[in-house]
Amino acid sequence: MPHIDVELEKLKKKLLEMWDLVEYQLHSGREAMLKADQVMAEQIIKRDRKVNQFDVKIDRMCENFFALFTPVAVDLRMVLAVLKINANLERIGDTAEGIARFAKKLDAPVNEDLLEMTSLLPMYEEAMSMLNDCRIAFKTNDPVLAKTLIKRDKGLDKIYRKSDRIVTKYMAAHPEKISEALAVLSIIKKVERVGDQVTNIAEEIIFYRDAKVVKHKQDKKKKKD
Amino acid sequence: MSRKHNKLEAINLDAYYGDFHALKGINIAMEEKNVTAFIGPSGCGKSTFLRTFNRMNDYIDGFRTEGDILLDGKDIYTKEVRVDELRKEVGMVFQKPNPFPKTIFENVVYGLKIQGISKKAVLEEAAEKSLKRAALWNEVKDNLNKSALALSGGQQQRLCIARALAISPSVLLMDEPASALDPLSTAKIEELIYELKNDYTIVIVTHNMQQAGRVSDNTAFFYMGELVEYSKTKTMFTSPQDTRTQNYITGRFG
Amino acid sequence: MTNSEKNRLKDKAFQVFGVFCTFIGLVVLAVFLFDIILEGARRIDWDFLVSLPSRRAARAGILTAWVGTLWILVLTTIIAFPLGVAAGVYLEEYARKSKMANFLEINIANLAGVPSIIYGLLGLEIFVRQMNLGGSLLAGALTLSLLILPIIIVTTREAIKSVPRSVRDGSYALGASKWQTVWNQVLPASFGGILTGIILALSRAVGEAAPLIVIGALAYVPFTPSSPLDEFTVLPIQIFNWTSRPQAEFQTNAAAAIIVLLIITFMLNGIAVYLRNRQQKKIKW
Numbered sequence: 134m135p136h137i138d139v140e141l142e143k144l145k146k147k148l149l150e151m152w153d154l155v156e157y158q159l160h161s162g163r164e165a166m167l168k169a170d171q172v173m174a175e176q177i178i179k180r181d182r183k184v185n186q187f188d189v190k191i192d193r194m195c196e197n198f199f200a201l202f203t204p205v206a207v208d209l210r211m212v213l214a215v216l217k218i219n220a221n222l223e224r225i226g227d228t229a230e231g232i233a234r235f236a237k238k239l240d241a242p243v244n245e246d247l248l249e250m251t252s253l254l255p256m257y258e259e260a261m262s263m264l265n266d267c268r269i270a271f272k273t274n275d276p277v278l279a280k281t282l283i284k285r286d287k288g289l290d291k292i293y294r295k296s297d298r299i300v301t302k303y304m305a306a307h308p309e310k311i312s313e314a315l316a317v318l319s320i321i322k323k324v325e326r327v328g329d330q331v332t333n334i335a336e337e338i339i340f341y342r343d344a345k346v347v348k349h350k351q352d353k354k355k356k357k358d
Numbered sequence: 009m010s011r012k013h014n015k016l017e018a019i020n021l022d023a024y025y026g027d028f029h030a031l032k033g034i035n036i037a038m039e040e041k042n043v044t045a046f047i048g049p050s051g052c053g054k055s056t057f058l059r060t061f062n063r064m065n066d067y068i069d070g071f072r073t074e075g076d077i078l079l080d081g082k083d084i085y086t087k088e089v090r091v092d093e094l095r096k097e098v099g100m101v102f103q104k105p106n107p108f109p110k111t112i113f114e115n116v117v118y119g120l121k122i123q124g125i126s127k128k129a130v131l132e133e134a135a136e137k138s139l140k141r142a143a144l145w146n147e148v149k150d151n152l153n154k155s156a157l158a159l160s161g162g163q164q165q166r167l168c169i170a171r172a173l174a175i176s177p178s179v180l181l182m183d184e185p186a187s188a189l190d191p192l193s194t195a196k197i198e199e200l201i202y203e204l205k206n207d208y209t210i211v212i213v214t215h216n217m218q219q220a221g222r223v224s225d226n227t228a229f230f231y232m233g234e235l236v237e238y239s240k241t242k243t244m245f246t247s248p249q250d251t252r253t254q255n256y257i258t259g260r261f262g
Numbered sequence: 105m106t107n108s109e110k111n112r113l114k115d116k117a118f119q120v121f122g123v124f125c126t127f128i129g130l131v132v133l134a135v136f137l138f139d140i141i142l143e144g145a146r147r148i149d150w151d152f153l154v155s156l157p158s159r160r161a162a163r164a165g166i167l168t169a170w171v172g173t174l175w176i177l178v179l180t181t182i183i184a185f186p187l188g189v190a191a192g193v194y195l196e197e198y199a200r201k202s203k204m205a206n207f208l209e210i211n212i213a214n215l216a217g218v219p220s221i222i223y224g225l226l227g228l229e230i231f232v233r234q235m236n237l238g239g240s241l242l243a244g245a246l247t248l249s250l251l252i253l254p255i256i257i258v259t260t261r262e263a264i265k266s267v268p269r270s271v272r273d274g275s276y277a278l279g280a281s282k283w284q285t286v287w288n289q290v291l292p293a294s295f296g297g298i299l300t301g302i303i304l305a306l307s308r309a310v311g312e313a314a315p316l317i318v319i320g321a322l323a324y325v326p327f328t329p330s331s332p333l334d335e336f337t338v339l340p341i342q343i344f345n346w347t348s349r350p351q352a353e354f355q356t357n358a359a360a361a362i363i364v365l366l367i368i369t370f371m372l373n374g375i376a377v378y379l380r381n382r383q384q385k386k387i388k389w
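Chains as they are written, first to last, in the numbering used here: chain A, 134 to 358; chain B, 9 to 262; chain C, 105 to 389.
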């Protein structure tokens, strides 16, 4: 394998390792939330430092790669994509940490009815599944799969938009559970952010494979209308 | 990973062409099985320095050195050192491909023949091994008796590398080995260097900054006969310590 | 007339002048050749080539002359080739830039300019008298060798100089010594050039009469030489001899001998040109 490909492969491998860690963080966040497991939540918060280390390391590797190989064309787009995906993964890691912080505040597992009404769990599942599919899309260089993710994010947005009203209603009915309800609302918000970040990553994958810019397409359309 | 030992070293090395002070107090140590790139503007002394390692400067009238050049810890500028023995250990590839006006086979085995080796089987085996190592075998195996001058520039340069490898050196000096070649041939030579560093200590002089970045582990920047900076290539290319290095690698002077 | 038109006119004028100059030489040569051939061609036949010289023009031939010329050619080559090449190699590859080397160089250049009759006198004193060789083939060959040595040395040096430095570097870098480099790389690569120089030098030696006359090469030798110590004559001397006679038949003989001499010279030059072309085709630096 040519030298440049060896180095690119290293970069890709590092990013996938980080991806695994971030997925694990998100997964743990859900467990901690459902079980109100404060020890687990604490561990997640601590582990975020590791995610940050990955972030710094991959930034460094990209910097070196630019300096040493002056990449062009597909190589250039690849490294640019890795750089941006890295930033997005780091933020998903932060989101997982944020979820853990809310989980830490919970005294007891979240009320089942509230979970049911807000569809938080399916939403969480979907977000994690999207992140995993996105990983596959990156690993297998699959822009088609990446494109489906952008559509799937709409589902998350829908749940998020409804959640306001549902939680307000719930809080009115159970004034003693306002803080719990607020925590759930915040977590929903965070999960919605995960969906956005996965979308961003998917857009980077499409850019890297097809050299097409798909982000901000919506903005343009709106402006035309 | 086991610690690599220093293959080549220069200690307080000064070199002169007559009155001209070409190298000023150079101190450097290069680990074995590494690629070290020498960069710097023309006339900075990098080629002169490269040629002290196989004493190619000996033929230049008025050239002299002070200080020590060590190969495996032994000074190579003492009277006991025989230059032909030294050059069996330290091979060299030049800027312009310089095959001899003979057949491809004769080119590869020349170094062995002048050592007195004449057994056909030995020579043939060595030729095949070296040509394979230099990634040229598949292109020339049916034409070993064709003139080397009929090869393309890139092939000629790989032939010169094969020729150097045939006498099994441990160090390979390369003086701008790709500067006379087209981009594709250059890429081939660079890949070859990347392969060869598993077995050889390589020192390469280059004017092409990107090339230094792609092929080398360490980089030394020379300016006006001084060694300005010597560090890991990635360190030098992302955060050089000296402003002169910074200016040179960013193309702001030189 | 504009400036550029003027310039173009000057350009054209010089071209015409150049063509004229070139043709002067060629025309003179052509006239000379035409004259000689007209006079001598009918005289050349087998008998002319294989007959001994004679006082009677019709029976005289050039056998001894061309055999002598051949002998001289071979002997001169044997003597001058190794000496000249060795000296050239020494001066170009080994001699350090010193006062001694400078002195040698200037003298070699001077030698090339010395009139050939002086070489004849030198040969007469050293080879004929001191070394007691008499007017033999060996004395003649030695004298002519002296005459062409400077040419061989200079052309050898030029040929060696044209071998690029990179080839020497490549050889040294592989651990070759100076001698190995010269013997294996420099000489083979420059051999065509050296050979060309030698042949051109020989074709000059073939035409020389003066130094050989001085050392006493005889015009009338009734036998073909069979050893280097035999007396001899060569074509130029035979021609000189015949042209100095009053009878018209001998003038015709001279013309015929000139044609033979010219053929030998042209052949030598032709070989030189052929070798040079082959060399250029074989080696493109």
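Idealized CB from N, CA, C, for every residue including glycine.
Taking the alpha-carbon positions, what's the residue i to residue j distance?
| i | j | result |
| --- | --- | --- |
| E335 (chain C) | G239 (chain C) | 6 Å |
| K145 (chain A) | V215 (chain A) | 8 Å |
| A309 (chain C) | S220 (chain C) | 10 Å |
| S239 (chain B) | T253 (chain B) | 11 Å |
| E198 (chain B) | T203 (chain A) | 15 Å |
| I269 (chain A) | K168 (chain A) | 29 Å |
| R382 (chain C) | E114 (chain B) | 21 Å |
| A220 (chain A) | D207 (chain B) | 39 Å |
| Y257 (chain A) | I321 (chain A) | 8 Å |
| V331 (chain A) | L264 (chain A) | 6 Å |
| T259 (chain C) | P191 (chain B) | 41 Å |
| G296 (chain C) | E142 (chain A) | 56 Å |
| I367 (chain C) | S307 (chain C) | 11 Å |
| L173 (chain B) | V377 (chain C) | 40 Å |
Buried or exposed: residue i, going by 16 or more other Cβ atoms within 10 Å of its Cβ?
| i | result |
| --- | --- |
| M371 (chain C) | exposed |
| C267 (chain A) | buried |
| K384 (chain C) | A small fix is needed here, since residue 384 (chain C) is Gln in this sequence, not Lys. Exposed: under 16 other Cβ atoms inside 10 Å. |
| V135 (chain C) | exposed |
| Q342 (chain C) | buried |
| V317 (chain A) | buried |
| K237 (chain A) | buried |
| K87 (chain B) | exposed |
| M9 (chain B) | Note on M9 (chain B): pLDDT 44, under 50, position unreliable in the model; no value is reported. |
With DSSP as the reference, label residue i as helix, strand or coil.
| i | result |
| --- | --- |
| E312 (chain C) | coil |
| G99 (chain B) | strand |
| R72 (chain B) | strand |
| I343 (chain C) | helix |
| F230 (chain B) | strand |
| H29 (chain B) | strand |
| M9 (chain B) | Any reading at M9 (chain B) must be qualified, since the residue scores a pLDDT of 44, below 50, and its modelled position is unreliable; the value itself is stated next. Coil at M9 (chain B), not helix or strand. |
| D225 (chain B) | coil |
| E40 (chain B) | coil |
| N35 (chain B) | strand |
| N381 (chain C) | helix |
| D80 (chain B) | coil |
| D153 (chain A) | helix |
| A23 (chain B) | strand |
What residue does the alpha helix (DSSP H) around residue i start on, and which one ends it?
| i | result |
| --- | --- |
| E335 (chain C) | Note, E335 (chain C): premise wrong, no alpha helix (DSSP H); not H, not E. |
| T209 (chain B) | No alpha helix (DSSP H) holds T209 (chain B); the beta strand (DSSP E) holding it covers T209 to V213. |
| I321 (chain A) | I311 to D343 |
| P157 (chain C) | Neither: P157 (chain C) is in no alpha helix (DSSP H) and is coded neither H nor E. |
| N221 (chain A) | A206 to K238 |
Would you please state the rounded distance, in angstroms, between the beta carbons of residue i and residue j? I believe it to be under 8 Å.
| i | j | result |
| --- | --- | --- |
| A228 (chain B) | F102 (chain B) | A228 (chain B) to F102 (chain B), Cβ: 20 Å. No contact. |
| L16 (chain B) | T209 (chain B) | 7 Å |
| L200 (chain B) | G162 (chain B) | Contact flag wrong, Cβ pair sits at about 10 Å. |
| L278 (chain C) | I212 (chain B) | The pair is not a contact, with the Cβ atoms about 19 Å apart (cut-off 8 Å). |
| L248 (chain C) | P315 (chain C) | 7 Å |
| H13 (chain B) | G233 (chain B) | H13 (chain B) to G233 (chain B), Cβ: 28 Å. No contact. |
| T356 (chain C) | T168 (chain C) | So it is not a contact: roughly 19 Å between Cβ atoms. |
Between which two residues does the beta strand (DSSP E) containing residue i stretch?
| i | result |
| --- | --- |
| D183 (chain B) | V179 to D183 |
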